[in-house]
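The structure appears below as structure tokens.
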Amino acid sequence: MPVTFGADEILETIRMIEAEHLDIRTITLGISLNDCSGSDAETIIKKIYNKIIKYGENLVPVAEEIERDYGIPIINKRVSVTPLSLIAALRDEEEYVKCAHAMDRAAKEIGVDFIGGFSALVHKGFTKQDRLLVNAIPAALSETERVCSSVNVASTKAGINMDAVYVMGQKIKETARRTAHKESIGCTKLVVFCNAPEDNPFMAGAFHGVGEPEAAVNVGVSGPGVVLKAIKQHSDADLGTIAEIIKKTAFKVTRMGELVGRAASERLKVPFGIVDLSLAPTPAVGDSVASILEAMGLERCGGPGTTAALAMLNDAVKKGGAMASSYVGGLSGAFIPVSEDAGMVEAVEAGSLSLEKLEAMTSVCSVGLDMIALPGDISAETIAAVIADEAAIGMINNKTTAVRVIPVEGKKAGDRVEFGGLLGSAVIMDYKKFDASGFVVRGGRIPAPIQALNN
Amino acid sequence: MKSNRIVITVVGKDKVGIIAGVANVLAKYNANIVDISQTIMQEFFTMIMIVDISKCTVDFSTLKQLLDQCAQELQVKITAQHEDVFHYMHRI
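Same order as they appear, the protein sequences are chains B and H.
Residue numbers for the first sequence follow the numbering used here, so the first one is 1 and each next one is one higher.
Residue numbers for the second sequence follow the numbering used here, so the first one is 1 and each next one is one higher.
Okay, here's the thing in structure tokens:
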């Protein structure tokens, strides 16, 4: 067989991995818990634990084997399960917390760093189970290490459940208080969604949706460093050319996700779900979405021009990525998690990036207000109002938005907090101190929007 | 894995015996060198080998460890990756 690659191609791939942080951000194994119902808590929890172990025990060894074979780092191995409130008919909050402990133990046992699915879908209203689960979130997140929780409070088809929005504002505050001794880290594991995707591989918002098969392998790629390098090499190119470069780079990065996803699916004997075309940054220097925007010519991320640059980046990543993978899904867009992106943190410090600008940015890219540290004295009502704003962007624009904010107990604007590892560090961001409680406490539902007259 | 070919790259300061050192390891464990190319780029010795490991007497991860040892002795950097990585990234 003839050699089919040029030396430059081979060296390009190696450079991407070695010097530009190309990696597979996560392989997430979705596991359905549909058959884990039972008449009492003990039975249900045992079934859930056993099922996670049964399907998940090979995940880490297989991922490590793929890592060795292909020489591509796979940073995280994770598990997502069916939203717990849908399958576990537990009787009280305490039993839900017990169930979270069982999920935590199972995650530890199989060696995954996070397990998602302590979740409820309440965009139209709460069931009895949803209510119990949501009330159990602060205890569950403060007492466990690896369990992640998400709650879908709004959708384009249902509108925004403002009762749920207010409740989530309170639960975020309560979680922050309960984990005050660790920089309120519990809140990093809690996401409030509008239009939550069912096949998202990224934490903390991953869960195994109701339309999903028994199990599925979903893959999230990463590659801001690779895109950054490519743009830096073309400092005088026009924006059309830059978009083209991003597309080509995203294609290559996503191909790695496709390769790893298919290999994992084959070796785990589990269907291949999707590749998530997200450009997920890490706190490592050079692996930053903010730096990409700055390389396009902005002095600082967050300044004028940021939304336009991000919109172009996001769209080009999707165009390139969609060509590279047969099944695309999840969140698919550029991530802007503030604490996990060194460039974003610098922008906050420099005063160019504010909560309001981030909100504007989320209207053109995926995910939403992610990993934003706020002062500890922010009220539940104000957090709820921020959630409502973000959900409105998602609802009207028919896209996924989410809020993952950390009101760090005892800290004020400008202070620095360290979450550690991939969660990074953050500067506490200030917010507008005008009261929205009159709006938030009204409750009820914001009706679903009209979709035909779309201006 | 359908094909059993890997791509080995060696980068480092040029000196006597790099090719011999790497080839020795491969020969010892019956890995067949299908193609080899070598250049000096900015004083750095750069070698790319396509190697068939279908008859190799050790598995891929063991071979990688052996190559790592070899890299330390030669004071160069060796990477070994399955060929599919390059197929996926550079060919549609």
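Virtual Cβ for every residue (Gly too), placed ideally from N, Cα, C.
Residue closest to R267 of chain B, alpha-carbon to alpha-carbon, out of B:I17, B:E65, B:K173 = B:E65
Neighbouring residues, chain H, relative to A322 of chain B (Cβ below 7 angstroms) | By Cβ distance, chain H contributes nothing, its closest Cβ being about 13 angstroms from A322 of chain B, past 7 angstroms.
Can you tell me which of B:R445, B:V408, B:V440, B:S437 puts its alpha carbon nearest to the alpha carbon of H181 of chain B?
-> B:V408
When you compare only the Cα positions, how much space is there between A136 of chain B and S142 of chain B?
-> 10 angstroms
Would DSSP call D23 of chain B helix, strand or coil?
-> strand
Of all the residues that make up the stretch 252-263 of chain B, which are near chain H by a beta-carbon distance shorter than 7 angstroms?
-> K252, R255, M256, E258, L259
Anything in the stretch 73-85 of chain H with a Cβ closer than 8 angstroms to a Cβ of chain B? List those residues in chain order, please.
-> T79, A80, Q81, H82, D84, V85
Does the pairing of the stretch 59-70 of chain H with the stretch 218-232 of chain B give three or more beta-carbon distances under 8 angstroms?
-> no
DSSP three-state assignment for H101 of chain B, whether helix, strand or coil = helix
Between V51 of chain H and L259 of chain B, is the Cβ-Cβ spacing less than 9 angstroms?
-> no
Span of the beta strand (DSSP E) holding H82 of chain H?
-> 76-82
Should F5 of chain B be flagged as near chain H, meaning a C-beta pair shorter than 9 angstroms?
-> yes
DSSP state of I8 of chain H, grouped into three classes?
-> strand
Flag this pair as touching only if the stretch 95-105 of chain B and the stretch 439-447 of chain B have three or more C-beta atom pairs under 8 angstroms; answer yes or no.
-> no
Candidates B:R146, B:I24, B:R105, of which the one nearest P113 of chain B by Cα | The identity of residue 113 of chain B in the sequence shown is Asp, whereas the question assumes Pro. Per the Cα distances, B:R146.
Which residues, in chain order, does the stretch 64-89 of chain B contribute to contact with chain H at a C-beta distance below 9 angstroms?
-> E65, R68, D69, Y70, G71, I72
Members of the stretch 45-61 of chain H near chain B, C-beta cut-off 8 angstroms | T46, I48, I50, F60, S61
Which residue or residues does DSSP assign as beta-bridge partners of D52 of chain H?
-> H:R5, H:N32
From M312 of chain B to I36 of chain H, what distance separates their C-alpha atoms?
-> 41 angstroms
Chain H contact for E95 of chain B (CB, 9 angstroms cutoff) = no
For C36 of chain B, which three-state DSSP category applies?
-> coil
Are there three or more Cβ pairs, one per stretch, closer than 8 angstroms when the stretch 43-56 of chain B is compared with the stretch 74-94 of chain B?
-> yes
For the beta strand (DSSP E) that R78 of chain B lies in, which residues bound it at each end?
-> 74-81
Does any C-beta atom of chain B lie closer than 9 angstroms to the C-beta of V7 of chain H?
-> yes
Cβ-Cβ distance between K411 of chain B and V403 of chain B below 9 angstroms | no
Rounded to a whole number of angstroms, what is the C-alpha to C-alpha distance between I245 of chain B and A308 of chain B?
-> 17 angstroms
On the three-state DSSP scale, how would you describe P197 of chain B?
-> coil
If you drop the 5 nearest sequence neighbours on each side, which residues of the same chain put their C-beta closer than 8 angstroms to that of M1 of chain B?
-> Model confidence at M1 of chain B stands at a pLDDT of 48, short of 50, so the residue's coordinates are unreliable; what they give is reported in the following sentence. No residues qualify anywhere along the chain.
Rounded separation between H90 of chain H and L190 of chain B - CA only = 38 angstroms
Closer than 8 angstroms by beta-carbon distance: list the chain B residues that pair up with K64 of chain H, in chain order.
-> R68
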